[in-house]
């Protein structure tokens with residue numbers, strides 16, 4: 010499949026009073042109808058509101074939420090962790106916004122980036138329940154893949170999902186991933202060690218499958 014035109018913006022917009030503590034990251038990726046950018050302090054209200062509304066939808070597929078999961082302090086700790094991850098080239102976290110109205114539709118993360126002889130990373134994502142199964146996460150994944158391979162120079166991407174999460178498995182296959190195996194007690198999800206289906210994508214394989222289109226900046 011042909012690669013989309015990937016737009017990477019490195020602009021800094023004026024910060025609000027609440028954002029002066031730390032500079033805003035300016036990395037932006039564009040996909041089909043979506044815009045990916047690093048989370049910001051001013052995103053907290055929308056993030057907390059959508060995560061709260063989607064809790065029952067998300068919790069079966071995620072680690073157990075902490076008692077302070079949706080507090081501002083917890084969100085600020087996340088921002089600090091995401092910032093440190095970018096600085097050491099180990100994690101790139103993005104929120105996904107619908108381009109038409111800037112609605113937050115979910116998030117996607119390239120995590121556990123390994124260099125040296127590995128040159129690989131792991132992708133994870135979540136979707137706001139009200140925006141699920143509308144193509145936003147697939148568009149975000151298709152925008153993140155060329156960023157990982159061409160801008161970051163990675164060779165391989167990995168992802169995993171619970172055996173019962175057919176929607177996530179279909180998403181990965183549509184994006185060009187290949188199912189590679191099965192891992193027992195792979196991750197602790199919702200309080201239990203759960204088996205996972207394993208998927209992989211190698212950079213040379215992005216020429217296969219469904220054509221993808223990117224949006225110009």
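Residue numbers (my numbering): 10 to 226.
Note that beta-carbon positions come from the ideal geometry of N, C-alpha and C, so glycine has one too.
**Q.** Selected residue, minimal CA-CA separation from residue 57, among 113, 101, 91
**A.** When only C-alpha atoms are compared, the closest one is 113.
**Q.** Three-state class that DSSP yields for residue 147 in the structure shown
**A.** Reduced to three states, the DSSP call for residue 147 is helix.
**Q.** Runs of beta strand (DSSP E) wholly within the segment 103 to 135 (minimum 3 residues, chain order)
**A.** Qualifying beta strand (DSSP E) stretches, in chain order: 113 to 123.
Q | 7 Å CB neighbourhood of residue 68 in its chain, flanking five on each side removed | A | Around residue 68, the same chain offers 74, 199 as residues with beta carbons nearer than 7 Å, after the five sequence neighbours per side are excluded.
Q. What are the boundary residues of the beta strand (DSSP E) that residue 190 is part of?
A. Its beta strand (DSSP E) spans residues 187 to 198.
Q) Grouping DSSP H, G and I as helix and E and B as strand, with all else coil, what is residue 162? A) Looking at residue 162 - three-state DSSP - the assignment turns out to be coil, as it is neither helix nor strand.
**Q.** Contacts around residue 42, its chain only, beta-carbon distance under 8 Å, and the 5 residues preceding and following it disregarded
**A.** Excluding five sequence positions before and after residue 42, the CB atoms of its chain that fall closer than 8 Å to its own CB belong to 107, 108, 109, 144, 145, 148, 224, given in chain order.
Q. Over what stretch of residues does the alpha helix (DSSP H) that includes residue 65 continue unbroken?
A. 64 to 67 is the span of the alpha helix (DSSP H), which, as asked, contains residue 65.
(Q) Measuring alpha carbon to alpha carbon, tell me which residue in 97, 99, 163, 104 is nearest residue 126. (A) Per the Cα distances, 163.
Q | Run of the alpha helix (DSSP H) containing residue 171, from where it starts to where it stops | A | For residue 171, no alpha helix (DSSP H) run applies, since DSSP gives it neither H nor E.
Q: Evaluate residue 46 with the Cβ neighbour count: other Cβ atoms within 10 Å of its Cβ, from every protein chain shown; 16 or more gives buried, anything less gives exposed.
A: With 16 or more other Cβ atoms from the protein chains shown falling within 10 Å of its own Cβ, residue 46 counts as buried.
(Q) Taking the alpha carbon of residue 183 as the reference point, which residue from 150, 76, 203 has its own alpha carbon closest? (A) Looking at the Cα atoms, 150 is the closest of the given residues.
Q. In whole angstroms, what separates the C-alpha of residue 169 from that of residue 36?
A. In a straight line, the C-alpha of residue 169 is about 26 Å away from that of residue 36.
**Q.** Spatially closest choice to residue 193 from 178, 185, 172, 181, by CA coordinates
**A.** The residue from 178, 185, 172, 181 with its alpha-carbon nearest to that of residue 193 is 172.
Q) Can you tell me the Cα-Cα spacing of residue 137 and residue 115, whole angstroms? A) Cα to Cα, the separation comes out at about 5 Å.
(Q) Out of 81, 175, 104, 188, which one is the CA nearest neighbour of residue 40? (A) When C-alpha distances from residue 40 are compared across 81, 175, 104, 188, the shortest belongs to 104.
Q: Would you list the one or two residues that DSSP bridges to residue 208?
A: Note: residue 208 sits in a beta bridge opposite 168, 188.
Q) By DSSP, does residue 157 sit in helix, in strand, or in coil? A) Taken through DSSP and simplified to helix, strand or coil, residue 157 comes out as helix.
Q. Would you call residue 48 buried or exposed, if buried means 16 or more other Cβ atoms sit within 10 Å of its Cβ?
A. Residue 48 should be labelled buried.
Q | For residue 201, the three-state DSSP class (helix, strand or coil) | A | Taken through DSSP and simplified to helix, strand or coil, residue 201 comes out as strand.
(Q) Please classify residue 20 as buried or exposed, where buried requires at least 16 neighbouring CB atoms within 10 angstroms. (A) With a pLDDT of 33 at residue 20, under the threshold of 50, the predicted position of this residue should be treated as unreliable, though the coordinate-derived value follows. Classification for residue 20: exposed.
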